[in-house]
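Asks: Take this structure first; my questions come after.
Protein chains: 2
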Amino acid sequence: MDLSAIVEESCARDWETVEPSAVEPVRFAVIGLGWFTKGRALPALEASERCRPSVLVSSDREKASDLAAETAGAERGITYEEFHDGDESDAYDAAYIVTPNALHLEYVETAAELGKDVLCEKPMERDSDRAAELRDVAAEGGVELMVAYRMHTEPAVRRARDLVASGYVGEPMSVTGDMSQRLLERIDPDPDQWRLDEWLAGGGALFDIGLYPLNTARFLLDADPVAVTGNVSSTHDAFDDVDETVAFSAEFPHEVYAQCYASHNARQSSGITVTGTEGQVRVEPAFFQDQPRKLHVSRGDGRATVELEKVDQMLEEFDYFADRLRGDAPLYPDGDHGLVDMHAMEAIYEAAESDRWVTVE
Amino acid sequence: MDLSAIVEESCARDWETVEPSAVEPVRFAVIGLGWFTKGRALPALEASERCRPSVLVSSDREKASDLAAETAGAERGITYEEFHDGDESDAYDAAYIVTPNALHLEYVETAAELGKDVLCEKPMERDSDRAAELRDVAAEGGVELMVAYRMHTEPAVRRARDLVASGYVGEPMSVTGDMSQRLLERIDPDPDQWRLDEWLAGGGALFDIGLYPLNTARFLLDADPVAVTGNVSSTHDAFDDVDETVAFSAEFPHEVYAQCYASHNARQSSGITVTGTEGQVRVEPAFFQDQPRKLHVSRGDGRATVELEKVDQMLEEFDYFADRLRGDAPLYPDGDHGLVDMHAMEAIYEAAESDRWVTVE
C-alpha cells in the first residue's frame with residue numbers, strides 16, 4: 001500500500017482469505033479466566049462472526065459456569081482437570097490458552113492429544129526449552145499452533161510494515177520501541193500475581209511487555225535478531241524475582257539496530273519507530289488496546305500523521321486465526337516464530353548478567 | 362515551571378542575569394568560516410544585542426575580508442596565522458572557535474595567551490587527551506571556556522528539563538534520543554570534507570551528531586553516564602575512516618538507561634524522550650535548527666503538545682555566553698562538562714570494538 005491507499009483503507013483486513021459466511025465459526029475452549037480474558041478476549045469472541053467462545057475453562061467450575069452463563073455463545077464452563085480429561089471436547093475446535101506462561105505447555109499437550117488447534121498467548125512458555133517442546137508437541141499432534149501476537153493484525157502496525165516493505169523509508173537503518181505501564185497501580189495491585197512469580201512467568205517486564213517492541217521490530221523489518229545486549233533492574237519490592245524494567249538493544253542483519261525499553265513501573269507509554277535512509281514511520285501510541293492508533297510518517301521535507309479508526313485488536317487476532325484455520329493460507333506467527341523471541345529474550349538476560357553482547361541462537 | 366507557565370512563557374530566557382543595555386557587547390573573533398559559520402553563526406551575531414562579530418578569521422585573508430565587508434558589525438578579516446600572532450586582538454574580547462575538531466586546541470592556546478574568553482564548538486577536540494589539555498590551557502590562562510551545546514539554551518529542551526526537575530515525570534526511568542541526517546546529500550556533498558577525516562574529526566556520526574542525544578540526556582537528567590555500550594557501522598564508501606552510524610546505550614545513576622541513535626546516512630530525524638514513573642516528556646523535532654520545536658508531554662490519562670515559537674538557537678547560545686561573560690553567574694557547559702562527553706564517546710567506541718559495556722572514566 002502507498003500512503004494514499006493507507007489513508008483511504010487504513011484498517012483494511014488485507015489478511016482475509018475466507019468469507020465468514022462460507023465457513024463454520026471456530027469454536028474455542030478458552031483456558032484461563034483472568035482479567036485479560038474477561039476484559040479483552042471474551043468481548044472479542046462474542047463480537048466475532050468467525051469465532052465462538054464455546055467452553056470456558058478455569059480452576060473453579062462455578063466460576064467458569066457463571067461466566068459462561070453471561071457470555072454470548074458460551075455453552076458451558078469446566079475445570080482444568082475436566083479439560084485434560086477431554087470433557088466437552090466435541091463442543092470446541094480450538095484452544096485459546098491464556099494461563100500463566102509456565103502452564104502453556106500442559107494445555108497444548110492436551111489440545112494436541114485431542115486434535116485441537118491452538119492459539120497460545122505470548123510469550124510461548126517460561127523458557128525456550130519448554131517453548132520448543134510446546135512447538136514440537138503441536139507438530140506431532142498435527143494441530144495448528146499460533147502464538148498470539150496481536151500486533152501482527154493491528155492495522156497501524158500492518159500499514160507501517162507495508163510502508164517499510166514498499167521502500168517508503170529507503171533502507172531501514174534503526175528501530176526504537178518501548179512499552180511501559182504501572183503494573184501494580186493501573187493493571188493489578190496484587191503483589192502475589194503470577195506475573196511476578198519467576199517460575200510461573202519465566203521473566204518480568206521483558207517477557208510480558210518488552211516482547212512487544214522486540215517482536216514488532218521483527219515484524220516490521222521482516223527479519224530476526226542476530227545479537228542482543230541489555231540491562232534489567234527493579235526498584236519496587238514486588239519485583240524481587242523478575243525484572244521490573246529492561247533496556248535492550250538487538251542487532252538485525254545488515255547492521256540494523258533496534259533499541260527497546262519496557263517497564264512495569266514507568267508511565268504508560270508505547271511506540272515503535274523505523275528510521276531508514278529516506279524516511280521514517282512511527283506508530284505511537286502502539287501497543288495498548290485502549291488508545292487510538294496514530295501512524296506518523298516522514299520523508300523528504302514532509303511529515304504526516306494518519307489517525308486510524310480504533311479496532312478491537314483481539315477481534316482482529318481471533319478472526320485472523322479463524323481465517324487461517326478455515327482456509328489454506330499459512331499462519332505467520334507459528335511456533336518457530338515464537339521460539340525466536342524466546343531465544344532472544346534469554347540472550348538478553350544472559351547479556352544483562354555478563355555485560356556483553358550475546359549471539360541469538 | 363509548571364505546564365501552565367510553560368505554555369505561557371515557553372521561550373522565556375530564564376537564564377538572563379544582565380540587561381544588555383547595561384553592559385558593552387562582547388566582540389568576537391570568529392575562527393573558521395565554513396557553511397555553519399556563514400549560515401548559522403554570523404546571522405545570529407549580527408542579530409544579537411549582546412554580541413558583535415568583530416573579526417573574521419580564515420585561511421584566506423581575502424575570503425575573510427570579503428565576508429567581513431558584508432557582515433554587520435564585522436571590522437575586518439584576518440588569517441589564522443595573523444590570529445596566532447595576536448593581530449587585531451584589541452578588536453575582540455572572545456574567540457568563537459568553529460574549525461575542524463582537531464584544530465580547536467591550537468586556537469584555544471592562542472586565545473588563552475591573549476586573555477580572550479572562548480566559546481568552542483562541540484565536540485571539544487578530536488580526543489579526550491587533547492580536550493583535557495584544552496580545558497587546562499583555558500584555566501591556566503584565566504579565561505572562560507564554554508563548549509557550544511546549543512540545546513542548553515533551546516527553549517523546548519529547557520522546558521523539558523524544568524518539567525523533569527519539577528517531578529512532572531516522577532522518577533526518571535529511561536531516555537531515548539536520536540539524530541540523523543543525510544550528510545552527503547543534504548548538508549555537504551564533498552567526500553573530502555573534514556567531518557569524514559578521522560584525524561581532523563576524531564569520530565564520525567557519534568562525535569558530530571550522536572553527541573546531541575548524549576549531551577541532552579545528561580542535561581535533562583542533570584546526571585552523567587557511568588557506563589556505555591554501542592555499535593558503529595558504515596555503509597557508504599565515504600565513511601571508511603569514521604562511523605556513519607552509531608547506536609549506543611548509556612547507563613546513568615539509579616539504573617536510568619538512555620538509548621540513542623545517530624546516523625549520517627538516515628532520513629533527517631531528531632528527538633529526545635524522558636519517561637518516568639509518572640509521566641513522559643518528549644521534544645520532537647529536537648536538534649535541527651530549521652524545524653519548529655514541539656514539546657510533547659503525558660501524565661495520568663492525558664497527553665498534550667506544546668508548539669513553541671521558533672528561536673534562533675545560535676542567537677540564544679551566543680547571548681547566554683555573553684550574559685555569563687558580562688555577569689557573575691557561572692557557565693554551565695564548561696570544559697569539565699564537555700570532557701565527560703569526550704570520555705563517554707571514547708568509551709562507546711571501545712565498547713563497539715569489544716562488544717562489552719565499558720565504564721565511563
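Just so you know, the protein sequences line up as chains A and B, in that order. Numbering of the first sequence is given in my numbering, commencing with residue 1 and proceeding in unit increments. Numbering of the second sequence is given in my numbering, commencing with residue 362 and proceeding in unit increments. Using N, Cα and C, we set each Cβ at its ideal position, and we do this for glycine too.
Can you list, in chain order, the residues of its chain whose CB lies under 7 Å from that of Tyr693(B), leaving out five sequence neighbours each side?
Replies: Counting only Cβ-Cβ distances below 7 Å, and skipping sequence neighbours, we find His513.
Asks: Which same chain residues end up closer than 7 Å to Ser128(A) when comparing Cβ atoms and leaving out the 5 residues on each side of it in sequence?
Replies: Cβ within range, chain order: Leu339, Met342, His343 and Glu346.
Asks: Counting only runs that start and end within the segment 373-417 of chain B, where is the beta strand (DSSP E) found for 3 or more residues in a row?
Replies: Qualifying beta strand (DSSP E) stretches, in chain order: 387-392.
Asks: Using a beta-carbon distance below 7 Å, is Ala608(B) in contact with chain A?
Replies: Closer than 7 Å to some Cβ of chain A, the Cβ of Ala608(B) qualifies, so yes.
Asks: Take Ala433(B) and list the residues in its own chain whose beta-carbon comes closer than 6 Å to its own, dropping the five residues that flank it on each side.
Replies: If we look at Ala433(B) and ignore the five residues flanking it on each side, its Cβ neighbours are Glu407.
Asks: For Gln340(B), list the residues DSSP reports as bridge partners.
Replies: Any property of residue 340(B) remains undetermined from this structure, which presents chain B solely from 362 to 722.
Asks: Tell me which same chain residues have a C-beta within less than 6 Å of the C-beta of Pro461(B), skipping the five on either side of it?
Replies: So the list reads Trp555 and Leu561, once near-sequence residues are dropped.
Asks: Would the beta-carbon of Arg159(A) fall within 7 Å of that of Leu295(A)?
Replies: Yes, the Cβ-Cβ distance between Arg159(A) and Leu295(A) is below 7 Å.
Asks: The alpha helix (DSSP H) with Glu82(A) in it runs from where to where?
Replies: Element bounds for Glu82(A): Tyr80 to His84.
Asks: What in chain B is Cβ-close to Ala238(A), meaning under 8 Å?
Replies: The premise fails here: Ala238(A) is roughly 14 Å from chain B at the closest Cβ pair, so nothing lies under 8 Å.
Asks: Any beta carbon of chain B sitting closer than 7 Å to that of Gln291(A)?
Replies: Cβ-Cβ to chain B under 7 Å: no for Gln291(A).
Asks: Using 7 Å as the threshold, is the C-beta distance between Ile276(A) and Gly170(A) below it?
Replies: One point to set straight first is that residue 276(A) is Gly, not Ile, in the sequence displayed. In contact: Gly276(A) and Gly170(A) (Cβ atoms closer than 7 Å).
Asks: Tell me the residue span of the beta strand (DSSP E) that contains Met507(B).
Replies: Looking at the DSSP string, the run of the beta strand (DSSP E) that includes Met507(B) is Leu506 to Val508.
Asks: Output the distance between the C-alpha atoms of Ala217(A) and Glu144(A), rounded to the nearest integer angstrom.
Replies: Each residue's alpha carbon lies about 24 Å from the other.
Asks: Which residues bound the beta strand (DSSP E) around Ala238(A)?
Replies: It is not in any beta strand (DSSP E) - Ala238(A) carries neither H nor E in the DSSP assignment.
Asks: What span of residues does the alpha helix (DSSP H) with Val498(B) cover, start to end?
Replies: First-last of the alpha helix (DSSP H) with Val498(B): Ser489 to Gly502.
Asks: How is the alpha helix (DSSP H) around Val108(A) delimited, first residue to last?
Replies: Val108(A) -> alpha helix (DSSP H) spans His104 to Leu114.
Asks: Hey, would you say Leu417(B) sits closer than 7 Å to Ala435(B), going by beta carbons?
Replies: Yes. Within cutoff.
Asks: Using a threshold of 7 Å, state whether the C-beta atoms of Met314(A) and Arg40(A) are closer than that.
Replies: In this structure, Arg40(A) lies closer than 7 Å to Met314(A) by Cβ.
Asks: Leaving out five residues before and five after Ser450(B) in sequence, what residues of the same chain have Cβ atoms less than 6 Å from its Cβ?
Replies: Cβ within range, chain order: Leu475.
Asks: Per the DSSP calculation, Asn265(A) is bridged to which residue(s)?
Replies: According to DSSP, which records beta bridges pairwise, Asn265(A) is partnered with Arg182(A).
Asks: Would you mind sorting Glu284(A) into buried or exposed? The rule is 16 or more other CB atoms within 10 Å of its CB.
Replies: Label assigned to Glu284(A): buried.
Asks: Nearest chain B C-beta to Thr216(A) closer than 7 Å, yes or no?
Replies: No - not a single Cβ of chain B is within 7 Å of the one on Thr216(A).
Asks: Does the beta carbon of Thr720(B) sit closer than 7 Å to a beta carbon anywhere in chain A?
Replies: Chain A, which has no Cβ nearer than 7 Å to the Cβ of Thr720(B), makes this no.
Asks: Taking C-alpha atoms, which residue in Leu403(B), Tyr622(B), Leu582(B) and Pro404(B) lies nearest to Val525(B)?
Replies: Checking every option, the nearest Cα to that of Val525(B) belongs to Leu582(B).
Asks: Checking the sheet assignment: what are the DSSP bridge partners for Ser4(A)?
Replies: Answer is none; Ser4(A) lacks a bridge partner.
Asks: Starting from the Cα of Asp551(B), find the closest Cα among Asp375(B), Gly395(B) and Glu380(B) and give me that residue.
Replies: Out of Asp375(B), Gly395(B) and Glu380(B), Gly395(B) has the C-alpha closest to the C-alpha of Asp551(B).
Asks: Report the residues of the segment 84-105 of chain A with a CB closer than 8 Å to any CB of chain B, ordered along the chain.
Replies: Under the 8 Å Cβ criterion, the segment 84-105 of chain A contributes no residue.
Asks: Ala517(B) to Ala647(B), Cα distance in whole Å?
Replies: Straight-line Cα distance between these residues: approximately 8 Å.
Asks: What residues match up with Ile458(B) in a beta bridge as DSSP calls it?
Replies: According to DSSP, Ile458(B) bridges with Ile392(B) and Cys481(B).
Asks: Take Ala112(A) as the anchor and find which of Leu42(A), Glu133(A) and Tyr257(A) has the nearest alpha-carbon.
Replies: Answer by Cα proximity: Glu133(A).
Asks: I want to know whether the segment 225-237 of chain A touches the segment 245-253 of chain A - three or more CB-CB distances under 8 Å.
Replies: Flag = yes, the segment 225-237 of chain A and the segment 245-253 of chain A touch.
Asks: Could you tell me the boundaries of the alpha helix (DSSP H) in which Glu198(A) lies?
Replies: From DSSP, the alpha helix (DSSP H) with Glu198(A) extends over Glu198 to Ala201.
Asks: Jot down the residue ranges of each uninterrupted alpha helix (DSSP H) in the segment 270-347 of chain A, minimum 4 residues, whole runs only, in chain order.
Replies: If we require 4 residues or more, the alpha helix (DSSP H) runs fully inside the segment 270-347 of chain A come out as 313-326.
Asks: Looking only at C-alpha atoms, which of Met1(A), Ala131(A) and Ala238(A) sits nearest to Glu185(A)?
Replies: Cα-wise, what sits closest to Glu185(A) is Ala238(A).
Asks: Just how far apart, CA to CA, sit Gln652(B) and Phe679(B)?
Replies: In a straight line, the C-alpha of Gln652(B) is about 20 Å away from that of Phe679(B).
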